[in-house]
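Residue numbers (the working numbering), protein chains in the order written: chain S, 1 to 137; chain G, 1001 to 1183.
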């Protein structure tokens, strides 16, 4: 799955996802990616977020929506990602997933669980070229 | 302090990030840039987890899910269980642009896509056929069924339901979700 957030210089936030889902799924199964607030979410007055991992679990907690709401309440992107993932980890400690969060000023952060580490890609005026940022899970 | 514009995406799919970033730099809208970025992954079949030709379902068919959301207006277009159309993020945007709905799924979503000008074609490749073949050969493991017979942990279907004799026990199994098998 790819989950992407794009913010232009006018602070317009767009979010999106695309995936072929889990391998050997039951026919008809749809994961979290096309569910707004689960796979990704955008609010130009706050920022955006995108999630990846076990969609059958993640979609039950709307983590992307939760992350944006946490940023609206004042959390940093990294804190927001962590808070959005916390209830999932509490109820499903064996699950694997990650979430990236971005605020409207272009600051970003991520949190992951179940992977050894998680990499996400960033293009920003802060870097000369596209950069992969890794977080330990 | 602001660091804009910005493109961020899950996983080290740097070509997708670069494509979206280049589009933004050339004056494209954030919407177009996002579609270009995600479409790049669909074309490149990023890690086999995006686009056609991988992760087939129990019947061996690859299906796609996608979504796009505008943070200004909260307009959303999404597509689930899309069959025989490769550009899922494009179809999601078409749902947003050409309907009042939010999410279309299955065969009807494919029909809508074709009506909106998307090409209908098989999403199967030699790789996805081989994945399916190996899964069948491995007694259909891993398997997402539960409370059915024959035992889905050791057998392929068809399955029929077997309610438990005592209480229902809903326990999500761990299905080896990793970089190559995830949503």
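Quick reminder that beta carbons are idealized off the backbone N, C-alpha and C, glycines included.
Under a Cβ-count criterion, where at least 16 other Cβ atoms within 10 Å of its own Cβ denotes burial, should residue i be classed as buried or exposed?
i, result
"residue 66 (chain S)", "buried"
"residue 125 (chain S)", "exposed"
"residue 9 (chain S)", "exposed"
"residue 54 (chain S)", "buried"
"residue 1073 (chain G)", "exposed"
"residue 1063 (chain G)", "buried"
"residue 28 (chain S)", "exposed"
"residue 136 (chain S)", "exposed"
"residue 1126 (chain G)", "exposed"
"residue 1100 (chain G)", "exposed"
"residue 1182 (chain G)", "buried"
"residue 1031 (chain G)", "buried"
"residue 1160 (chain G)", "exposed"
"residue 1173 (chain G)", "exposed"
"residue 127 (chain S)", "exposed"
"residue 24 (chain S)", "buried"
"residue 1059 (chain G)", "exposed"
Show which residues of chain G have a CB atom less than 9 Å away from the CB atom of residue i.
i, result
"residue 193 (chain S)", "Residue 193 (chain S) falls outside the range modelled here, since chain S spans only 1 to 137, and no answer is possible."
"residue 41 (chain S)", "1069 and 1071"
Against residue i, what residues of chain S qualify as contacts under a CB-to-CB distance less than 8 Å, listed in chain order?
i, result
"residue 1012 (chain G)", "119, 120, 121 and 132"
"residue 1181 (chain G)", "22 and 23"
"residue 1107 (chain G)", "By Cβ distance, chain S contributes nothing, its closest Cβ being about 10 Å from residue 1107 (chain G), past 8 Å."
"residue 1148 (chain G)", "Result: empty, since nearest Cβ-Cβ is about 11 Å, beyond 8 Å."
"residue 1046 (chain G)", "2"
"residue 994 (chain G)", "Beyond the ends of chain G as shown, which are 1001 and 1183, falls residue 994 (chain G); an answer cannot be given."
"residue 1021 (chain G)", "123 and 130"
Listing by chain order, which chain G residues have their CB less than 8 Å from the CB of residue i?
i, result
"residue 107 (chain S)", "1003"
"residue 114 (chain S)", "1177"
"residue 52 (chain S)", "1010, 1011, 1182 and 1183"
"residue 126 (chain S)", "1003"
Please list the partners that residue i has in chain G, where partner means a Cβ-to-Cβ separation under 7 Å.
i, result
"residue 102 (chain S)", "1006 and 1008"
"residue 92 (chain S)", "1172"
"residue 44 (chain S)", "1071 and 1072"
"residue 48 (chain S)", "1071"
Return the residue from the list the options that minimises the CA-CA distance to residue i.
i, options, result
"residue 1057 (chain G)", "G:1160, G:1163, G:1133 and G:1167", "G:1133"
"residue 1176 (chain G)", "S:134, S:115, S:127 and S:30", "S:115"
"residue 43 (chain S)", "S:70, S:136 and S:2", "S:70"
"residue 106 (chain S)", "S:7, S:50 and S:26", "S:7"
"residue 5 (chain S)", "S:47, S:28 and S:30", "S:47"
"residue 1098 (chain G)", "G:1107, G:1106 and G:1078", "G:1078"
"residue 1001 (chain G)", "S:120, S:128, S:64 and S:108", "S:108"
"residue 1156 (chain G)", "G:1136, G:1128 and G:1019", "G:1136"
"residue 111 (chain S)", "S:91, S:51, S:29 and S:41", "S:51"
"residue 1107 (chain G)", "G:1141, G:1160, G:1163 and G:1080", "G:1080"
"residue 1005 (chain G)", "S:1, S:14 and S:2", "S:14"
"residue 16 (chain S)", "S:130, S:24, S:73 and S:64", "S:64"
"residue 1061 (chain G)", "G:1130, G:1159, G:1180 and G:1152", "G:1130"
"residue 1096 (chain G)", "G:1076, G:1090 and G:1104", "G:1076"
"residue 113 (chain S)", "G:1178, G:1142, G:1171 and G:1017", "G:1178"
"residue 1180 (chain G)", "G:1009, G:1049, G:1094 and G:1093", "G:1049"
"residue 1008 (chain G)", "S:134, S:123, S:128 and S:119", "S:123"
"residue 2 (chain S)", "S:96, S:93 and S:121", "S:121"
"residue 1153 (chain G)", "G:1164, G:1139 and G:1170", "G:1139"
"residue 104 (chain S)", "S:75, S:45 and S:89", "S:45"
What does residue i touch in chain S if you count any residue whose Cβ is under 7 Å from its own?
i, result
"residue 1041 (chain G)", "2 and 18"
"residue 1162 (chain G)", "Simply none; closest approach about 16 Å."
"residue 1081 (chain G)", "28 and 30"
"residue 1134 (chain G)", "Residues of chain S passing the Cβ test: none, with the nearest at roughly 10 Å."
"residue 1031 (chain G)", "14"
Can you pull the chain S residues whose beta carbon is under 9 Å from the beta carbon of residue i, in chain order?
i, result
"residue 1131 (chain G)", "23 and 24"
"residue 1037 (chain G)", "2, 4, 6 and 16"
| Inter-stretch contact (C-beta, 8 Å, three-pair minimum) for the stretch 1029-1047 of chain G and the stretch 1106-1116 of chain G | no
| message | When you compare the stretch 99-114 of chain S with the stretch 78-85 of chain S, are there three or more beta-carbon pairs, one atom per stretch, that lie closer than 8 Å? | response | yes
| query | Of all the beta strand (DSSP E) runs that stay within the bounds of the stretch 31-73 of chain S, which reach a length of 3 or more residues? | reply | 40-43 and 47-53
| said: Measuring CB atoms only, is the stretch 1119-1127 of chain G touching the stretch 1084-1095 of chain G, in the sense that at least three cross pairs come out at less than 8 Å? | reply: yes
| request: Mind listing, in chain order, the continuous alpha helix (DSSP H) runs of no fewer than 4 residues lying wholly within the stretch 1046-1127 of chain G? | output: 1088-1098 and 1106-1115
| message | Is it the case that the stretch 31-42 of chain S contacts the stretch 56-71 of chain S, given that we only count it when at least three CB pairs across the two stretches are under 8 Å? | response | yes
| In chain order, each alpha helix (DSSP H) run of at least 4 residues that lies wholly inside the stretch 64-119 of chain S | 77-91
| request: Determine contact between the stretch 18-29 of chain S and the stretch 1050-1065 of chain G, defined as no fewer than three beta-carbon pairs at a distance below 8 Å. | output: yes
| Validate contact between the stretch 1067-1077 of chain G and the stretch 1011-1029 of chain G using beta carbons, cut 8 Å, 3 pairs | no
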